[in-house]
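Peer 1:
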Amino acid sequence: MLHRETDKEKVERNKDLVFNLHSASIKWLEQYTGIKYPFKKLDFALIPSFQYGGMEHVGAIQYQANSLLLDEDPSQNQLLGRASLIGHEVAHMWFGNLVTMDWFNDVWTKEVFANFMAAKMVNPSFPEINHDLNFLVRHYPSAYGVDRTEGANPIRQNLPNLNEAGQMYGAIIYNKAPIMMRQLESLLGEETFQEGIQEYLSTFGMKNATWPDLINILDQKTQVDLKKWSEVWVNTSGRPVFKLETQESEQGIAASLSQVDMSGEGRSWPQSFKMEVFNPAQNGKKELEVVSADEPYEVNLDKSWNSFELLANSNGMGYGLFPVSYELLTSQWDELSELEKGAQLINMYESLLEPTNVGKEGQASPTRYIELLKWVLVREKNQLLIGQALGQLRNVYWSLLSDDQRNNVAPDLERTLFHCMDDLHDDPSIKKTFFNTFSSITITDNNLTRLYSIWSDDKTVSIDKLNLSENDYIGLASNLSIKMPEKATEIVAAQMERIKNPDSKRRFEFIAPTLSNDLATRDAFFESLKEEKNRETESWVLGGLGNLHHPLRREESIKYILPSLELLQEIQQTGDIFFPTRWLGQTLGDHNSQQAVEIVDGFLKDHPNYNAQLKMKIQQSVDMAKRASEILEKTAKK
Ligand SMILES: [Zn+2]
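For the sequence shown, the numbering used here assigns the number 8 to the initial residue and increments by one for each residue that follows.
(1) Just the Cα atoms here: how many angstroms apart are L36 and T217?
(2) Do the segment 302-322 and the segment 253-267 touch if we need at least three Cβ pairs shorter than 8 Å?
(3) Do I204 and E118 come within 7 Å of each other at the CB atom, strictly closer than that value?
(4) To the nearest angstrom, how far is it from the Cα of Y617 to the Cα of I625?
(5) Any chance the CB of A121 is under 6 Å from a heavy atom of ligand 1?
(6) Could you give the residue range of the alpha helix (DSSP H) that holds Q576?
(7) Identify the residues that DSSP records as bridge partners of I260: which are they?
(8) Look up N286 in the DSSP assignment and give the residues it is bridged to.
(9) Within a Cβ cutoff of 7 Å, which residues of the same chain sit near G152, ignoring the five residues on either side of it in sequence?
(10) Verify the contact flag: E334, CB atom, against every heavy atom of ligand 1, threshold strictly below 6 Å.
(11) Taking the continuous beta strand (DSSP E) assigned at N454, which residues delimit it?
(12) Just confirm the distance between the C-beta atoms of Q71 and F51, as a whole number of angstroms; I'd bet it's less than 8 Å.
(13) Mapping the DSSP letters down to three states, classify D50 as helix, strand or coil.
(14) In whole angstroms, give me the CA-to-CA distance for F425 and N453.
(15) Is A396 closer than 7 Å to V416 when the C-beta atoms are compared?
(16) Would you mind sorting E252 into buried or exposed? The rule is 16 or more other CB atoms within 10 Å of its CB.
(17) According to DSSP, Y70 sits in a beta bridge with which residue or residues?
(18) Which residues share a DSSP beta bridge with V248?
(19) Could you tell me the boundaries of the beta strand (DSSP E) in which L317 lies?
(20) Grouping DSSP H, G and I as helix and E and B as strand, with all else coil, what is M8?
(21) What residue range is occupied by the uninterrupted alpha helix (DSSP H) comprising M503?
(22) Between I118 and ligand 1, is there a pair consisting of the residue's CB and a ligand heavy atom that are separated by less than 6 Å?
(23) Counting Cβ pairs closer than 8 Å, one from the segment 537-544 and one from the segment 503-510, do we hit at least three?
(24) Looking only at C-alpha atoms, which of S263, F441, S91 and S571 sits nearest to V385?
(25) Check each candidate in Q266, W590 and E206 and name the one with the smallest Cα separation from L328.
(26) For V106, list the residues DSSP reports as bridge partners.
(27) On a CA-only basis, which of T456, R542 and P362 is nearest A635? Give me that one, please.
(28) Which class does Q390 belong to by DSSP, given the choice of helix, strand or coil?
(29) Taking 7 Å as the threshold (C-beta atoms), are A126 and H95 in contact?
(30) Give the secondary structure of I447 by DSSP, where H, G and I count as helix, E and B as strand, and everything else as coil.
(31) Which value, in whole angstroms, describes the spacing of the CA atoms of D464 and L475?
(32) Going by Cα to Cα distance, which pick from R561, M623 and G592 is closest to Q602?
(33) Counting C-beta neighbours from all protein chains within 10 Å, is the total for D597 16 or more, i.e. buried, or is it exposed?
(34) In the DSSP assignment, what are the bridge partners of F280?
(35) Just to confirm, are G323 and D139 a CB contact at a threshold of 7 Å?
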């Protein structure tokens, strides 16, 4: 292991586990694939501020140092994230390095296999974790995040020119493709699937292969027409909208769940999942096995079920926009498993983000949804669910509320989160999770003063078992500089003095201008990004952009949008593969106004022959702003 971490304790604390995770991953893969580790050695090199989580070079995997050397009290999520990352990179030795795609349009196959295998192999090392829930929260929200947008791309894309290979990567490959794979595995059965994979690896070892090559192998093992199946799932983008229709009659209720293709092409995504119907009047519950494709799924219920509540996709296997009953969460809370709660949270959030749903019967408004999330957060103990709820909370709070609404909900929301952190949880990593969201959403003077005391370590506020690392203090300093602009100069200077790690110090020096209260200083920082040499360390640039576009600075940062779009092609040519997407994400992700959307639409209109891949990335990145501005238009009190 090669590294340049100066904190010896940190290295000691992490080193053994890092080695063990690698050797466990190798053993697992040898067993699953039936093929010995195909190369002569496996080293790893830890790089600070590396722009990827990892890179699977044969012989020596490169990692982002912070992803392997964790701070004290890592959350379950971070521990899992590290194990998954190692599993992912090691899996590439078989999937990617032993069998390589024929051309870059199939670059996703190695990524989906690496993720798919990582998810399978992480399980034994974390017996206390609910893995189905983990798969759900790690894949669905981000897959939907792209697949619900106008710029959604299919899993498999055409790639005429290699210089655009980088644009193939994204959430569709990393998150939707594993969901598709799981459906494929459940269609074939685990054993048949594994046999197919082994045949694929031994047939194409040290050679090149395409996705259709794999489908050919698997197609011979099933009655289902896999080529047709793959056509919809792999070669086209988007997700079905599930529509529930009920008809009452003498005998009872006939319910039917059908897929609608919003693009109007009449596609359906063959899939199977579970669905639960609850009968609040009788405390009854039925679990239904849904097989959904061209034909609607139909079920007959007797009369006593005439006011049933529905939990679609209760086992988290299905994919699409599901009908949801918000009341179910509170009425059936004690009956729901962790996985079902996760599925319900995701269904509710996806439904909330549909502007056309606003005002429909039973549909929650953003402010109502914040109340629901608070209700969940004071009850839930599972860290993955807490993390999911807090992530949604931050998005709804910053994007879907007007300033007035936010100012109204803030005092009680801050109180609730502080209470969760201080009184309800003992686990330091859960405390940290709450603390991070608490500091992100805090805007009242009272709690900003509290955070300031915590940051300055003046001992007036102490939270038992909350351990903040140097990185946490740096994050807090950035956050407070933006929210207490009159103190920004003092905070930044003091924080700079306190930083011990030289790499962190250089990073903080770089982003310091973006924390300034002086707009001209921030403008100058943005201007400087137009020069390629100032964009060299991409993760620093992204950190700086995030500060410039902080939701509290929207009115001042909107002017950076157009020049950022104008730079995009150059960014793609000079930067690394994820940089254009992340550049756009940091630029557009925190905006929610009609004006911001118009700037983007105007740019696309003025560039009718714009690079198709980049256009899709722009449409993906502006999606949240688009939805938010439409929803706000309908829900924010004028
Ligand atoms: Zn990878």
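Using N, Cα and C, we set each Cβ at its ideal position, and we do this for glycine too.
Peer 2: Looking at the coordinates:
(1) Here residue 36 refers to the residue found at position 29 of the sequence shown. Here residue 217 refers to the residue found at position 210 of the sequence shown. Between L36 and T217, the C-alpha separation is close to 21 Å.
(2) The segment 302-322 and the segment 253-267 touch, with no fewer than 3 CB-CB distances between them shorter than 8 Å.
(3) Counting from 1 along the sequence shown, the entry for residue 118 is found at position 111. Counting from 1 along the sequence shown, the entry for residue 204 is found at position 197. Not a contact, by the Cβ cut-off of 7 Å.
(4) Residue 617 sits at position 610 when you count from the first residue of the sequence shown. Residue 625 sits at position 618 when you count from the first residue of the sequence shown. So the two alpha carbons sit approximately 11 Å from each other.
(5) Counted from its first residue, the sequence shown places residue 121 at position 114. Yes; taking the cut-off as 6 Å, the Cβ of A121 has a heavy atom of ligand 1 nearer than that.
(6) Counting from one through the sequence shown, the residue named residue 576 turns up at place 569. Taken as a continuous stretch (DSSP letters only), the alpha helix (DSSP H) holding Q576 covers I568 to T581.
(7) Residue numbering aside, residue 260 sits at position 253 when the sequence shown is read from its first letter. In the DSSP output, where bridge partners are listed per residue, I260 has E255 and L308.
(8) Taking the first residue of the sequence shown as 1, we reach residue 286 at position 279. Paired residue(s): G291.
(9) What you label residue 152 is simply residue 145 of the sequence shown in a count that begins at 1. Here the set comprises A178.
(10) Start at 1 with the first residue of the sequence shown, and residue 334 comes out as number 327. No, the beta carbon of E334 sits no closer than 6 Å to any heavy atom of ligand 1.
(11) Your numbering for residue 454 matches position 447 in the sequence shown. No beta strand (DSSP E) holds N454; the alpha helix (DSSP H) holding it covers D452 to S463.
(12) Position 64 of the sequence shown, counting from 1, holds the residue named residue 71. Position 44 of the sequence shown, counting from 1, holds the residue named residue 51. Contact check for Q71 and F51: beta-carbon distance about 11 Å, past the 8 Å limit, so the pair fails to qualify.
(13) In the sequence shown, the residue the question calls residue 50 occupies position 43. In the structure shown, D50 sits in a strand (DSSP, three-state: E or B).
(14) To locate residue 425, count along the sequence shown from 1; it is residue 418. To locate residue 453, count along the sequence shown from 1; it is residue 446. Approximately 12 Å, taken between the alpha carbons.
(15) Within the sequence shown, the letter at position 409 stands for residue 416. Within the sequence shown, the letter at position 389 stands for residue 396. Their beta carbons are not under 7 Å apart, which means V416 does not touch A396 by this criterion.
(16) Within the sequence shown, residue 252 is the residue found at index 245, counting from 1. Exposed is the call here.
(17) Walking along the sequence shown from the start, residue 70 turns up at place 63. Looking at the DSSP assignment, Y70 forms a beta bridge with L53 and G61.
(18) For this step, residue 248 is matched to residue 241 along the sequence shown. Note: V248 sits in a beta bridge opposite V267 and L328.
(19) Numbered from its first residue, the sequence shown carries residue 317 at position 310. Per DSSP, the unbroken beta strand (DSSP E) holding L317 starts and ends at E316 to L318.
(20) For the purposes of this step, residue 8 is taken as residue 1 along the sequence shown, with counting starting at 1. In this structure, M8 counts as coil in the three-state DSSP scheme.
(21) What you label residue 503 is simply residue 496 of the sequence shown in a count that begins at 1. Here the alpha helix (DSSP H) through M503 covers A495 to R505.
(22) Along the sequence shown, one-based indexing puts residue 118 at 111. Looking at the sequence provided, one finds Glu at residue 118 rather than Ile. For ligand 1, a non-hydrogen atom lies closer than 6 Å to the CB of E118.
(23) Fewer than three pairs of CB atoms, one per stretch, sit closer than 8 Å, so the segment 537-544 makes no contact with the segment 503-510.
(24) The sequence position of residue 385 within the sequence shown is 378, counting from 1. Selection S263, F441, S91 and S571 evaluated against V385 yields F441 as nearest (Cα-Cα).
(25) Translated into the one-based positions of the sequence shown, residue 328 becomes position 321. In terms of Cα proximity to L328, the closest of Q266, W590 and E206 is Q266.
(26) Looking up residue 106 in the sequence shown gives position 99. Per DSSP, F102 and K214.
(27) Residue 635 sits at position 628 when you count from the first residue of the sequence shown. Of the listed residues, the one whose Cα sits closest to A635 is P362.
(28) Reading the sequence shown from its first residue, position 383 is the one you call residue 390. Judged by DSSP in its simplified three-state form, Q390 adopts helix.
(29) Stepping through the sequence shown from its first residue, residue 95 is reached at position 88. Stepping through the sequence shown from its first residue, residue 126 is reached at position 119. No, the Cβ-Cβ distance between H95 and A126 is not below 7 Å.
(30) On the sequence shown, residue 447 is found 440 positions in, with the first residue counted as 1. Contrary to the premise, residue 447 reads as Ser rather than Ile in this sequence. Of the three classes helix, strand and coil, the one that applies to S447 here is helix, per DSSP.
(31) To locate residue 464, count along the sequence shown from 1; it is residue 457. To locate residue 475, count along the sequence shown from 1; it is residue 468. Cα to Cα, the separation comes out at about 11 Å.
(32) One-based indexing of the sequence shown puts residue 602 at position 595. Put simply, of R561, M623 and G592 the residue whose alpha carbon is nearest the alpha carbon of Q602 is R561.
(33) Translated into positions along the sequence shown, residue 597 becomes position 590. Buried, because 16 or more other Cβ atoms sit within 10 Å of the Cβ of D597.
(34) Along the sequence shown, one-based indexing puts residue 280 at 273. Its beta-bridge partners are V297.
(35) On the sequence shown, position 316 is the one that residue 323 refers to. On the sequence shown, position 132 is the one that residue 139 refers to. D139 is positioned such that its CB atom lies closer than 7 Å to that of G323.
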